[in-house]
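Student:
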Amino acid sequence: EIDCNDECGGSAEEDECGVCGGDGPEMCWDGSYECDASDCPDEPGGWDGDACSMPDFSIHVTADGLVLYNTSEAIGGFQFNVDGATVLSASGGAAGAAGFMISNSEVMVLGFSLTGTTFDGCGTMVEVGLDGEATGLSGIVVSDAAGNALPFVYYDGSESDVGGCTDMNACNYNADATED
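In the numbering used here, the protein residues as written are 114 to 293.
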């Protein structure tokens, strides 16, 4: 008899996911099983790691140095410090694709365009080579092509921050708000 690898007398079988010799479905965070981990349900309150699902005007660094962004306005330049690791290099991402000049020190990354080129939307802003694991970004300055500051903040991946007015005496006070 021929198995799923077309071997005569072989013992390979298709698993429940239709993969010859596969290990079967993967266990999701909630104990359910899916053949493709991307089909697992989202964790409650958890961020999926996709830059496009981050809040507008936010920036995030992964432990291995991908700097993610989400913006509704064009970015003409940026500067930030990398916390928790030493910066060895910085290049690529949307900034590199837009022809930005990108430079770095051991703690800081700087990117800008000499020609007025910008980028927007969401994705990887720049890839940072690191010694150690990044724990966050600080000193964040992001500007448009005219040099005007854009209101970028660091997004840590938690869904705990609720935007709104935190002034109890204001007419638009939001009791659920955790940040102004």
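Cβ atoms here follow ideal geometry from the backbone N, Cα and C, with glycine treated the same way.
#1: Counting only runs of 3+ residues fully inside the region 160–195, write out the beta strand (DSSP E) ranges in chain order.
#2: At a cut of 8 angstroms, does the region 232–248 reach the region 196–208 through at least three beta carbon pairs?
#3: Report yes if the CB atom of SER256 is closer than 9 angstroms to the CB atom of ASN194, and no otherwise.
#4: Alpha carbon to alpha carbon, how far is SER145 from ASP136?
#5: Between HIS173, CYS148, ALA258, which lies nearest to SER266 when the distance is taken from Cα to Cα?
#6: Could you please give me the residues that DSSP links to TYR267 through a beta bridge?
#7: Quick check on the burial criterion: 16 or more other C-beta atoms within 10 angstroms. Buried or exposed for MET281?
#8: Can you give me the C-alpha to C-alpha distance between PHE170 and ASN183, rounded to a whole angstrom?
Tutor: From the atom records:
#1: 171–174, 179–188
#2: yes
#3: Position 143 of the sequence shown, counting from 1, holds the residue named residue 256. Position 81 of the sequence shown, counting from 1, holds the residue named residue 194. No, Cβ-Cβ distance for SER256 and ASN194 is not below 9 angstroms.
#4: The residue you call residue 145 lines up with position 32 of the sequence shown. The residue you call residue 136 lines up with position 23 of the sequence shown. Answer to the nearest angstrom: the Cα atoms are 15 angstroms apart.
#5: The residue labelled residue 266 in the question sits at position 153 within the sequence shown. As written in the sequence, residue 266 is Val, which differs from the Ser given in the question. Ranking the options by Cα distance to VAL266, first place goes to HIS173.
#6: Counted from its first residue, the sequence shown places residue 267 at position 154. ILE172.
#7: Residue numbering aside, residue 281 sits at position 168 when the sequence shown is read from its first letter. MET281 comes out exposed.
#8: Numbered from 1 along the sequence shown, position 57 holds the residue referred to as residue 170. Numbered from 1 along the sequence shown, position 70 holds the residue referred to as residue 183. For PHE170 and ASN183, the distance between alpha carbons rounds to 6 angstroms.
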